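Participant: Shown below is the structure under consideration.
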Ligand SMILES: [Zn+2]
């Protein structure tokens with residue numbers, strides 16, 4: 334039997350194993366020179382290993398021999414190489430004229446004792462342009478792409494190239510793009526990007542928008558752009574999207590509540606919504622999307638805390654003054670919940686039918702005005718309700734743990750602990766409180782060290798002792 338008669342999945346498995354072996358044996362680094370020579374100068378240059386090769390280069394090298402065997406194998410190799418395509422910003426202009434671009438010939442380069450060379454100018458968007466050319470001229474290659482990831486490219490020119498690349502990838506499922514795409518693309522670009530209801534094209538499954546603060550010239554260029562928000566166009570249909578992630582803070586035309594409310598008109602089938610590390614989307618924007626996808630949503634993460642850390646969660650306010658605790662507890666498919674809300678109360682934990690699992694996190698600025706009683710009484714009721722919920726889940730062998738972030742402290746109801754910086758309370762009590770404190774592994778940024786900042790030392794005290802200090806006025810909620 335000839336190897337090409339093997340079933341596709343067995344052949345694919347063999348080729349994958351061969352590729353992995355090639356990858357382990359191939360060149361994995363590239364050279365540079367210690368100093369770029371200036372004109373009319375002859376400095377002594379020496380080689381150094383500049384850094385590891387990118388994953389794409391490693392994968393490409395590993396399928397070199399396979400691509401040359403037959404059309405079938407070539408096709409398999411293209412699928413392997415182009416399934417995930419990463420385009421990142423250009424770093425450094427150095428390329429050494431004497432260093433061959435054929436990495437298999439590096440061993441010859443290594444024999445040269447006195448390397449010479451000069452930096453060759455490289456187009457910063459060269460890689461992006463070649464990708465665009467390749468996909469435009471070879472639709473069969475573009476058809477292999479499942480995931481596209483663009484990083485560090487924020488200019489009008491790169492946005493155009495990115496959109497052109499996306500439009501050629503008919504089977505694209507996962508896309509990660511700079512938020513500038515939302516600002517500079519037209520409605521037609523978005524129709525081509527989402528691929529909903531177009532024969533022969535796969536609708537987009539997952540979309541990530543990443544934002545950063547731009548240098549002044551790029552920011553000015555973006556601010557002066559006058560493209561109309563493509564989301565306003567009724568042809569832009571997000572109903573096929575299962576996952577939406579919005580990440581990162583920016584000052585320049587950031588993704589905001591208005592965008593999310595426009596998205597909510599069609600984003601009715603989201604399973605995962607992740608809004609992290611940005612303060613331009615409030616609870617109102619998040620809620621619009623959650624309501625639109627209430628029947629399908631399984632994972633919700635809304636943590637606007639940015640570098641400011643835990644002390645400025647900025648969840649925003651709901652203008653309507655709407656009470657959302659019950660609504661959040663009623664989402665039928667919800668599994669993973671990590672939210673920042675303006676206020677919370679025991680209603681959030683009253684529904685024992687929820688599918689919540691793993692670690693639940695709720696960051697609240699205040700307590701709801703719905704219930705009667707003093708703040709400490711409300712807090713006590715919340716902690717008790719959450720404990721009941723966790724116990725109910727345990728009875729049916731579902732592991733659920735929880736952290737509540739409130740009043741500058743982190744509460745762990747199942748351990749009946751409150752973590753915080755209690756130095757002022759200790760001072761206020763004249764040293765009588767706390768009677769029984771232990772050092773804490775938590776800090777103002779959640780787990781210690783998350784943001785690499787000096788977090789100071791936190792203590793953990795029992796819930797009862799914490800509430801006692803509140804009652805005596807040593808801690809203010
Ligand atoms: Zn409430």
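Numbering (my numbering), first residue to last: 334 to 810.
Note that CB positions come from ideal geometry on N, CA and C, so glycine has one too.
Computed from a prediction, not measured in an experiment: that's the story for all the values here.
1. Per DSSP, what kind of secondary structure is residue 414 in: helix, strand or coil?
2. Contact between the region 466 to 473 and the region 398 to 406 is defined here as three or more beta-carbon pairs at a separation below 8 angstroms; is this criterion met?
3. Hey, is residue 722 close to ligand 1, as in C-beta under 7 angstroms from one of its heavy atoms?
4. Can you give me the Cβ contacts of residue 512 inside the same chain, cut-off strictly under 6 angstroms, excluding the 5 residues immediately before and after it?
5. Please confirm whether any heavy atom of ligand 1 lies closer than 7 angstroms to the CB of residue 673.
6. Can you tell me the Cα-Cα spacing of residue 746 and residue 676, whole angstroms?
7. Ordered along the chain, which non-local residues of its own chain (more than five positions away) have a Cβ less than 7 angstroms from that of residue 803?
8. From the DSSP output, read off the bridge partner residues of residue 684.
9. Given a cut-off of 8 angstroms, decide if residue 529 and residue 505 are closer than it, judged by their beta-carbon atoms.
10. By DSSP, does residue 677 sit in helix, in strand, or in coil?
11. Heavy atom of ligand 1 less than 7 angstroms from the Cβ of residue 707, yes or no?
12. Helix, strand or coil for residue 460, going by three-state DSSP, please let me know.
13. From what residue to what residue does the alpha helix (DSSP H) around residue 709 run?
14. On the CB-based measure, 16 or more other CB atoms within 10 Å of its CB, does residue 736 come out buried or exposed?
15. Under 6 angstroms Cβ to Cβ from residue 714, same chain only, skipping five residues before and after it: list those, please.
16. Roughly how far, in whole angstroms, is the beta-carbon of residue 793 from the beta-carbon of residue 751, given that I think they are within contact range, below 8 angstroms?
17. What do you reckon, is the C-beta of residue 676 under 7 angstroms from a heavy atom of ligand 1?
18. In three-state DSSP terms, what is residue 585?
19. Count the other C-beta atoms from every protein chain shown that fall within 10 angstroms of the C-beta of residue 763, then say buried if there are 16 or more, exposed otherwise.
20. Is the region 513 to 522 touching the region 532 to 539 in the sense that three or more CB pairs, one from each, lie closer than 8 angstroms?
Facilitator: By the coordinates alone:
1. The answer is helix: DSSP assigns residue 414 an H, G or I state.
2. Touching, no.
3. No, ligand 1 has no heavy atom inside 7 angstroms of this Cβ.
4. Here the set comprises 542, 544, 588.
5. No, the beta carbon of residue 673 sits no closer than 7 angstroms to any heavy atom of ligand 1.
6. Each residue's Cα considered, the two are about 18 angstroms apart.
7. The beta carbon of residue 803 sits closer than 7 angstroms to the beta carbons of 709, 810 from its chain, once the five residues preceding and following it are set aside; these are given in chain order.
8. Residue 684 is bridged by DSSP to nothing; it lacks a bridge partner.
9. For residue 505 and residue 529, no; Cβs fall outside 8 angstroms.
10. If DSSP states are grouped into helix, strand and coil, residue 677 belongs with the strands.
11. For ligand 1, not one heavy atom lies less than 7 angstroms from the Cβ of residue 707.
12. Helix at residue 460.
13. That run of the alpha helix (DSSP H) goes 708 to 728.
14. Here residue 736 is buried. Its C-beta has 16 or more other C-beta atoms within 10 Å.
15. Cβ neighbours of residue 714 beyond the five flanking positions: 679.
16. About 7 angstroms; that satisfies the 8 angstroms criterion.
17. In this structure, ligand 1 has a non-hydrogen atom nearer than 7 angstroms to the beta-carbon of residue 676.
18. Judged by DSSP in its simplified three-state form, residue 585 adopts coil rather than helix or strand.
19. It is exposed - the Cβ of residue 763 has fewer than 16 other Cβ atoms within 10 Å.
20. Segment contact: the region 532 to 539 against the region 513 to 522, fewer than three CB-CB distances shorter than 8 angstroms; contact not assigned.
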